[in-house]
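Encoded as structure tokens, the structure appears first; notes follow it.
Numbering (the numbering used here), first residue to last: 4 to 355.
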């Protein structure tokens, strides 16, 4: 065992020490620190009865730099997966009647939707030991919703909006018109079932809005090919004959079947080695399917135990990367790397 001299920062975290290695010190790129996807809750009292409602416009992702170097978000992607980890399905090689299974979704990240950070290379830094928030809407949600209610002649005294988040200081937002920097959606294959419709996945007028569901995979991707070139190749590949599309680099027809049902949809393949971090999100009692290569995530985590949980049991909660006293845990196993905690809607790093 190597013992080195160590100092201590003001926050009590050890520093220095030649032999002082932690999981965090081994990390070489950005990491997903917190995902707030299930939303908040507000209430209204009418005729002596309280009514609770859900609110999910304050969703966000928090990204952390565990390294000693400045890392840049320019050109990076935030992607959701195309497959549902709670689904009891079999992905097949060709059409839904085939008995042959497929594993391309384990050899690559199968994208369902994705956001693109702007920038030419060094415009959007994340300093060592700091975090940034990418919000659905970078606003003070309590103030904005109160203003909306007033505009519609609602009596604010009957509402409790205290649990809605203030995200007005979030620098990045995936909704245009909020936040300093727009991280815009560039691809969404939701609802697209055939190669004939595949071009719609890249069309802002046709694509669904980006969201983080309770059953998905979430990834940070640092692509080695410019997004416009990926798009161009995808749009060419989707026009190929079906037999040739199976060998395409980016485009994929996704065939899958359950016990009595066969389906098809469209996805985008990106190499696993370009994924710098990933987490599978799923209710803790519902995972059935391994949707990522084990090198990306051997586990999963979620704020719910089951999909039918009462909203009050998970509203206002995030999945947050654990702190082990030395660093944020990263064993590529979200079951043990993450835990459920009350949401922290700031970039202040909480180590406990």
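Glycine is no exception: its CB is placed at the ideal position from the N, C-alpha and C atoms.
Please name the residue, chosen from the options, that lies closest to residue i on a Cα-to-Cα basis.
i	options	result
residue 323	260, 64 and 265	64
residue 272	233, 304 and 266	233
residue 292	82, 219, 91 and 44	91
residue 200	34, 242, 214 and 81	242
residue 256	114, 301 and 328	114
residue 166	176, 149 and 173	149
residue 261	70, 49, 89 and 38	89
residue 53	325, 228, 316 and 163	163
residue 126	194, 77, 333 and 111	77
residue 328	189, 30 and 355	355
residue 304	229, 217 and 155	217
residue 161	40, 30 and 45	45
residue 62	175, 30, 132 and 153	175
residue 227	252, 254, 72 and 277	277
residue 49	34, 140 and 157	157
residue 86	194, 152, 245 and 251	194
residue 213	131, 248 and 140	140
residue 34	66, 51 and 246	66
Find out if the Cβ-Cβ distance for the pair residue i, residue j is shorter than 8 Å.
i	j	result
residue 352	residue 134	yes
residue 224	residue 108	no
residue 59	residue 42	yes
residue 181	residue 215	no
residue 298	residue 190	no
residue 173	residue 146	no
residue 265	residue 302	no
residue 131	residue 72	yes
Measure how close the beta-carbons of residue i and residue j come, nearest whole angstrom, since I'm counting them as under 8 Å.
i	j	result
residue 204	residue 269	6 Å
residue 136	residue 80	That pair is no contact at about 17 Å.
residue 238	residue 284	That pair is no contact at about 29 Å.
residue 219	residue 83	5 Å
residue 32	residue 70	7 Å
residue 111	residue 274	6 Å
residue 144	residue 168	5 Å
Tell me which same chain residues have a C-beta within less than 6 Å of the C-beta of residue i, skipping the five on either side of it?
i	result
residue 196	267 and 268
residue 310	286
residue 129	68, 74 and 135
residue 198	241
residue 47	54, 161 and 162
residue 288	308 and 309
Count the other CB atoms, across all protein chains shown, that sit within 10 Å of the CB of residue i; report buried if there are 16 or more and exposed otherwise.
i	result
residue 345	exposed
residue 300	buried
residue 348	buried
residue 37	buried
residue 315	exposed
residue 192	buried
residue 39	buried
residue 253	buried
residue 188	buried
residue 320	buried
Within the same chain, show all residues whose beta-carbon is closer than 8 Å to that of residue i, passing over the 5 residues directly before and after it, in chain order.
i	result
residue 341	282, 304, 322, 323, 324 and 325
residue 375	In the structure as shown, the chain starts at 4 and stops at 355, and residue 375 therefore has no counterpart that could be examined.
residue 186	81, 118, 119, 120, 121, 137, 175, 176 and 177
residue 124	75, 77 and 78
residue 202	238 and 241
residue 336	300, 301 and 302
residue 229	78
residue 296	109, 110 and 275
residue 211	116, 191, 193 and 194
residue 57	42, 43, 44, 314 and 318
Give every residue of the same chain whose Cβ lies closer than 7 Å to the Cβ of residue i, excluding the five residues on either side of it in the sequence, and list them in chain order.
i	result
residue 206	none
residue 236	252 and 253
residue 151	none
residue 30	69, 70 and 333
residue 388	The first residue shown for the chain is 4 and the last is 355, placing residue 388 beyond what the model contains.
residue 375	Only positions 4 to 355 of the chain appear in the structure, and residue 375 is not among them; the question remains open.
residue 153	159
Is the closest heavy atom of the ligand FAD to the C-beta of residue i under 7 Å?
i	result
residue 174	With respect to the ligand FAD, the structure shown offers nothing to examine, as it has no ligands at all.
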